[in-house]
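If you count by this note's numbering, then the sequence shown holds residues 2 to 257, one letter each, in order.
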Amino acid sequence: MLEIPSSNHAHRPVNEALALVAQYANAANTTYYLLGETVPVHKAMGEDWAEVVHRADKSGRRRVVRMVYEVVAFQALRDQLKCKEIWLVGADKWRNLDEDLPQDFEARRVENYRELRKPLDAAVFVDELREQMTTELPLLNDRMLKLSWLDIAERKSGAIRLTAAEAKPEPEPRNLRRIKAEVQRRWGIVPLVDMLKEAVLRTGCLDAVTSVSGGGSLSPEVFAERLLLGIYAYGTNTGIKAVASRGHGHTEDELR
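Here it is as structure tokens:
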């Protein structure tokens, strides 16, 4: 059984909902939770789910549908794990948010905030951000209205929908055509990513690449593999997410 603590009492209903799911894990052929059972209510049960979580049984009594409730509970778990409102004990990616900070962060708070170029006072940070948004958002609004290729429509929910007009393809640059022709003449249909891989392995060109922070703990082999995967993802328009799911051991966050 996984341990799933939370960092805020406001998220405890989700933990209680998961405990109820575990309690009924071996209960077969159970459409509804038993009468008198305490069923925790959490915010994920609202909106679209509110009408399907509850159903009237044959006697007309309002009951909680077990299967639907479990789906909603796991959806709430997914959403809160993403923002680390709750975490998994012993996990890495889904670990306690407090473990993301260096253990000496509090002792070196002034130094750390200076490196981040952020004020120590939260009120000052919020005021600066509010001032920046007050200045920039009207500029964004005015400029978006002048973009002929952008269609702005209103959704039924009240939000806006931004749709870019289909762009006309740009003519291929002359030099790019020449490069393609020369590559095809020399190597035929050998994929460019394979050529790049061989160039990296033979020249050791990545030895000259350093982190912007001046350090780095990645081995040259891991760095080269991630770089090539990233180039492949963008160069072929496959996308980082799709490439990250290929079972090579590198996560989407690591490739980004």
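We put the beta carbon where it would ideally sit given N, CA and C, even for glycine.
8 Å Cβ shell around residue i - same chain, five flanking residues per side excluded
i: R110; result: L121
i: S214; result: Interpretation of S214 is limited by its pLDDT of 48, a score under 50 that renders its predicted location unreliable; no figure is taken from the coordinates.
i: E258; result: Residue 258 lies beyond the residue range present for the chain, which begins at 2 and ends at 257; the question has no answer from this structure.
i: I161; result: I153, A154 and E155
i: E242; result: This sequence places Lys at residue 242; Glu is not what is there. Around K242: E253.
Rounded C-alpha distance that separates residue i from residue j
i: P221; j: L207; result: 8 Å
i: V73; j: R175; result: 55 Å
i: K284; j: I232; result: Nothing about residue 284 can be reported from this structure: the residues present for the chain run from 2 to 257 only.
i: A168; j: W150; result: 8 Å
i: R1; j: A166; result: This structure cannot settle anything about residue 1, because the visible part of the chain is limited to 2 through 257.
i: A29; j: N97; result: 34 Å
i: G189; j: L78; result: 51 Å
i: L163; j: L146; result: 11 Å
i: E17; j: L102; result: 28 Å
i: L219; j: D105; result: 23 Å
i: R187; j: P170; result: 28 Å
i: D143; j: G159; result: 20 Å
i: G250; j: Y114; result: 34 Å
i: E253; j: A92; result: 17 Å
i: R247; j: T237; result: 15 Å
i: A124; j: M134; result: 15 Å
i: R203; j: R227; result: 17 Å
i: E199; j: C84; result: 40 Å
i: A23; j: E71; result: 10 Å
i: K59; j: K157; result: 36 Å
i: L177; j: P192; result: 16 Å
i: V69; j: E100; result: 34 Å
i: W50; j: E107; result: 42 Å
i: Q185; j: L148; result: 40 Å
i: V223; j: L117; result: 28 Å
i: E48; j: V210; result: 50 Å
Residue-chain proximity (residue i, chain B), Cβ-Cβ < 8 Å
i: L19; result: Annotation note: the requested chain B is absent from the structure, which comprises a single protein chain.
Cβ shell of residue i (< 6 Å), same chain only, five flanking positions each side left out
i: E4; result: V90
i: L230; result: V244 and L256
Presumed contact (8 Å Cβ cut-off) between residue i and residue j, rounded CB distance
i: E132; j: S7; result: 34 Å between Cβ atoms; not a contact.
i: A26; j: Q76; result: Between Q76 and A26 the Cβ distance is about 18 Å, and since that is not below 8 Å, they are no contact.
i: V40; j: L21; result: 7 Å
i: V194; j: A225; result: That pair is no contact at about 12 Å.
Cutoff 7 Å; reference residue i; Cβ partners in own chain excluding five residues on either side
i: G240; result: A234
i: L138; result: none
i: A182; result: none
i: Q81; result: H12, V15 and I87
i: F126; result: K119 and P120
i: L197; result: L229 and I232
i: H43; result: P14, V15, A18 and A77
Legend entry - Three CB pairs or more closer than 8 Å across the stretch 52–59 and the stretch 8–17: no
Inset, instruction - Could you tell me whether the stretch 28–38 touches the stretch 59–70, using the rule of 3 or more Cβ pairs below 8 Å? - result: yes
Legend entry - Residue ranges of each alpha helix (DSSP H) within the stretch 16–92, 4 or longer: 51–54 and 67–83
Legend entry - Any alpha helix (DSSP H) of 4 or more consecutive residues that is wholly inside the stretch 201–249: 221–236 and 241–245
Inset, instruction - Please specify which runs of the beta strand (DSSP E), each continuous and at least 3 residues long, are wholly inside the stretch 91–177, giving them in chain order. - result: 151–155 and 161–165
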